[in-house]
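In this note's numbering, the protein residues as written are 171 to 575.
Every residue, glycine too, gets a C-beta built ideally from N, C-alpha and C.
This report concerns only the one structure given below.
Here it is as structure tokens:
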């Protein structure tokens, strides 16, 4: 068994004594990794977070806590992150209300786990660099969070990230966010992953499930489920005012973005490439988009920006209806659709299988595509988009199916 050294025990005792002096707490204990604080009400939570040090773990008892929380420079370390989590994962605490449920400004090495955020007037969870474009928020982990019933008919987001680097968002659920907002909205974010998440009940025309813009780059979205998650399920790029780019405008809204192994159900378009300079969308299952499968657009018309270009759309499984999809690819002006690559996708028109190939009009010649053959899903009525053992599909569609939540 690992034991603390005398010097380490002295240091832990020092921090524990300091915390006891300033925080009326429900429970405080020392662990090998730092201080564990258990809180049961609003005041205890605010004080515990305000006084957190590297290695602090703040555990919230079941119940509801008042939103509108804002903390500046909550700073852990790589070896000792600051953790805010549920004391009982079977009864996640709820942080409710406020303009934003929780706002972290210039945090580093912070983990949020097994929490519910709901009912904010603005954004549910906001993490940003405080406007300091050269000092990003960094090393954030969001795991097993639920963000729901956020905002109203405006640009309010479930999770708003601005100037965040090196992050992981895992197994989160975002539902019912602002009509013109996003489930997750990223501005100038880099080196991040969104995996195993579910986005549902967004607006049917406006908004997005996930948006990456404002100079965002090196981001992967994988193994997620988008169930009617806004007008564009994923918006790779967007339209950002120059003053909001991080660290500065570099001629693109988004670059080096990967979307893989996701399931898309409904939405006007599953994917939009908007002011993109390179993105790869592969091994996804797209079921019955209501207007387009994908869009190639240019919304930021600054002369220094490249036309939306270098998108790759490969090994996807697309099922559509001819009376719902007007055109498979919607192409806007000032874009470079001739630079896009299409390969090894499986296309199937539910109501007119024999016309599938005629319906699939792409801006460049596809290599290795398949058209008009039923992929044979296991249980569409039950929301199961995995394939039957006798399915003819080879190396297309989602390789990892997330069950509906």
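Beta-ladder partner(s) of residue i, from DSSP
i           : result
residue 298 : 275 and 332
residue 519 : 490
residue 316 : 286 and 343
residue 452 : 430 and 484
residue 447 : 479
residue 307 : 334
residue 206 : 199 and 227
residue 407 : 444
residue 420 : In the DSSP output, where bridge partners are listed per residue, residue 420 has none listed.
residue 512 : 483
Length of the line joining the Cα atoms of residue i and residue j
i           : j           : result
residue 357 : residue 232 : 33 Å
residue 520 : residue 389 : 33 Å
residue 216 : residue 235 : 10 Å
residue 309 : residue 225 : 14 Å
residue 296 : residue 272 : 6 Å
residue 541 : residue 559 : 20 Å
residue 444 : residue 476 : 11 Å
residue 367 : residue 342 : 5 Å
residue 439 : residue 223 : 44 Å
residue 274 : residue 242 : 6 Å
residue 227 : residue 289 : 25 Å
residue 306 : residue 299 : 5 Å
residue 551 : residue 474 : 48 Å
residue 459 : residue 319 : 24 Å
residue 252 : residue 206 : 10 Å
residue 482 : residue 536 : 11 Å
residue 413 : residue 331 : 16 Å
residue 286 : residue 523 : 44 Å
residue 538 : residue 347 : 39 Å
residue 323 : residue 250 : 40 Å
residue 556 : residue 517 : 16 Å
residue 391 : residue 373 : 21 Å
residue 283 : residue 528 : 48 Å
residue 364 : residue 261 : 24 Å
residue 240 : residue 429 : 32 Å
residue 313 : residue 340 : 5 Å
residue 247 : residue 301 : 22 Å
residue 212 : residue 335 : 30 Å
residue 191 : residue 276 : Note that residue 191 has pLDDT 43, beneath the 50 cutoff, so the model's placement of it is unreliable and the number below is only indicative. Using only the alpha carbons, I get a separation of about 27 Å.
Whole-angstrom C-beta distance between residue j and residue i, which should lie under 8 Å
i           : j           : result
residue 256 : residue 230 : 6 Å
residue 463 : residue 499 : 7 Å
residue 496 : residue 461 : 6 Å
residue 435 : residue 398 : 6 Å
residue 450 : residue 568 : Their Cβ separation, rounded to whole angstroms, is 15 Å, which puts residue 450 and residue 568 out of contact at 8 Å.
residue 303 : residue 333 : 6 Å
residue 562 : residue 489 : No, residue 562 and residue 489 are not in contact; Cβ-Cβ is about 14 Å, not under 8 Å.
residue 437 : residue 492 : Actually they are not in contact, since the Cβ atoms of residue 437 and residue 492 sit about 18 Å apart, beyond 8 Å.
residue 534 : residue 512 : 6 Å
Cβ shell of residue i (< 7 Å), same chain only, five flanking positions each side left out
i           : result
residue 292 : 269, 270, 321 and 326
residue 570 : 393 and 431
residue 415 : 358, 384 and 385
residue 565 : 485 and 514
residue 548 : 554, 556, 557 and 558
Cutoff 6 Å; reference residue i; Cβ partners in own chain excluding five residues on either side
i           : result
residue 376 : 349, 350 and 401
residue 369 : 344, 353, 379, 396 and 399
residue 387 : 360, 425 and 426
residue 278 : 245, 308 and 309
residue 407 : 383, 423, 424, 444, 445 and 446
residue 466 : 443, 478, 501, 505 and 507
residue 311 : 281 and 338
residue 409 : 469 and 470
residue 294 : 271, 287, 317, 320 and 328
residue 441 : 404, 451 and 464
residue 417 : 303 and 304
residue 204 : 225, 226 and 250
residue 355 : 327, 330 and 381
Residues near residue i by beta carbon distance below 8 Å, same chain, minus five either side
i           : result
residue 479 : 446, 447, 448, 505, 506, 509 and 510
residue 471 : 504
residue 193 : Confidence in residue 193 is poor, its pLDDT being 46 and thus under 50, which makes the residue's placement unreliable; the coordinate value appears in the next sentence. Closer than 8 Å at the Cβ level, and outside the excluded window around residue 193, lie 207, 214, 217, 218 and 221.
residue 263 : 230, 231, 232, 233, 234, 235, 256, 257, 285 and 286
Inset, instruction - Write down every uninterrupted run of the beta strand (DSSP E) in the segment 319-405 whose length is 3 residues or greater and which is fully enclosed by it, in chain order. - result: 329-332, 334-340, 343-345, 352-357, 360-365, 368-370, 378-383, 386-392 and 395-397
Inset, instruction - Go through the segment 221-270 residue by residue and report every complete run of the beta strand (DSSP E) that reaches 3 residues or more, in order. - result: 227-230, 234-236, 239-242, 252-256 and 264-266
Inset, instruction - Could I get the ranges of all uninterrupted alpha helix (DSSP H) runs contained in the segment 523-553, with 4 residues as the minimum, in chain order? - result: 526-529
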